[in-house]
Amino acid sequence: MPTTVAELYPIESYYDTVPRASATVETIGPFTLFVSTADFPFYARPAAGAIDTDTAIRPADVVAVRTRQRELGLPEAFEWVDELRPGLVDTVRATGMAVYRLPLMVHRVDTGSAPAPPDVRVRMLTADDPDLPSVQTAIGLGFTTPGTSVGAVGDRERSAAEATLPDVHRRTRERIARGDVALAGAFTDRGAVGGGSHSPRDDVSEITGVATLPAYRRRGIGAAVTARLTADAYRRGVGTCFLSAGSPAIGRIYARAGFRRIGTACVAGAPA
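Residue numbers (the working numbering): -17 to 254.
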């Protein structure tokens, strides 16, 4: 078995494990549907114990899951690792869904600290950190303006929005206290300008939610946040640190923090 494929199996197990802490689980044919009980929706995945049985997954199986998702008022969403489910892309597309293929990357190279700009500080947050709402708001604004281009959204918009989701911030504090998630923030003297998180489970952790306020992009902040999260994951005993890049351009940012592509993460959703 090629080394890169062998590395995908712990990641596949991780993908099946993490949602279970914040979801109820339904088995629908060859799929596992995660019904979120948290602030964010989940998806359906091929059952973790059925790797390499893609010939048994038919368009009708996909339709059955989508029907159940609509019944529950959930997004019609699927995720899987392409190299472990050859042929599933065509099966899912046959039902009318859009499939996006994202670079799946694992940390391989120590590139040092990937320092932030001189006026930016990156640090990990504790569960009671007063800056947590500001960091989460900066991340959210980064994702509402996708891409890597510099934009107008910055400190003013963050300050106006950071008090609008107190329940989300409270639940994030609880997750940090339990050790389910670790959150990093990037700051200037005017407040949070970005951040990201990782979620360790045993010896694997995924880096997610790395974003920068559009006004502060193209300065190396995303790479610095990623490097800080990776260092924190290793400090916690993680052996495999991975992520999915939203695009090849974003993948190049992660490459500056020592990540290399080993596979393809597939994300499918209804075209609407």
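The beta carbon of each residue, even a glycine, is placed where N, CA and C say it ideally should be.
These numbers come from a predicted model, not from an experiment.
If we count the other Cβ atoms within 10 Å of its Cβ and call it buried at 16 or more, is residue i buried or exposed?
i	result
threonine 35	With a pLDDT of 49 at threonine 35, under the threshold of 50, the modelled position of that residue is not reliable, and the figure given next carries that caveat. Exposed is the call here.
arginine 67	buried
valine 283	There is simply no residue 283 to check, as the chain begins at -17 and stops at 254 in what is shown.
phenylalanine 16	buried
aspartate 43	buried
leucine 70	buried
leucine 54	exposed
serine 116	buried
serine 131	exposed
valine 91	exposed
glutamate -6	buried
valine 7	exposed
phenylalanine 24	buried
Do residue i and residue j have their C-beta atoms closer together than 8 Å?
i	j	result
leucine 84	alanine 247	yes
proline -8	valine 186	yes
alanine 120	glycine 202	no
glycine 176	valine 150	no
leucine 211	isoleucine 189	yes
arginine 218	threonine -1	no
alanine 59	alanine 250	yes
arginine 243	glycine 228	no
alanine 109	alanine 159	yes
alanine 29	threonine 14	yes
Tell me the residue span of the beta strand (DSSP E) that contains residue i.
i	result
proline 182	173 to 183
isoleucine 235	Counting along the chain, isoleucine 235 falls outside any beta strand (DSSP E), though it belongs to the alpha helix (DSSP H) covering 230 to 237.
alanine 259	With the chain running from -17 to 254 in the structure shown, residue 259 is simply not present.
arginine 83	80 to 89
alanine 26	26 to 28
threonine 246	241 to 251
serine 131	No beta strand (DSSP E) contains serine 131, which DSSP labels as neither H nor E.
valine 104	103 to 106
serine 18	13 to 18
glutamate 58	No beta strand (DSSP E) contains glutamate 58, which DSSP labels as neither H nor E.
threonine 77	Here threonine 77 belongs to no beta strand (DSSP E), and DSSP marks it neither H nor E.
Identify every residue that forms a DSSP beta bridge with residue i.
i	result
glutamate 188	Ser181, Phe224
isoleucine -7	For isoleucine -7, which the question treats as bridged, DSSP gives no partner whatsoever.
valine 7	Phe16
Following the continuous alpha helix (DSSP H) through residue i, name the residue where it begins and the one where it ends.
i	result
proline 41	41 to 53
leucine 114	114 to 126
arginine 67	Counting along the chain, arginine 67 falls outside any alpha helix (DSSP H), and DSSP gives it neither H nor E.
valine 150	148 to 160
arginine 138	137 to 143
So the candidates are the options; which of them puts its Cα closest to the Cα of residue i?
i	options	result
alanine -12	Pro253, Leu70, Gly245, Gly251	Gly245
alanine 76	Gly191, Arg138, Pro41	Pro41
glycine 204	Tyr(-4), Ala96, Arg48	Ala96
proline 57	Phe22, Phe169, Asp64	Phe22
arginine 2	Ser181, Met87, Ser226	Ser181
serine 179	Arg172, Arg105, Ala252	Arg105
leucine 114	Thr127, Pro148, Val88, Phe125	Pro148
alanine 174	Val163, Tyr198, Arg157	Tyr198
leucine 107	Ala143, Val163, Pro100	Val163
State yes or no: is the beta carbon of residue i nearer than 8 Å to at least one beta carbon in chain D?
i	result
isoleucine 203	The question asks about chain D, but that chain is absent: this structure has only one protein chain.
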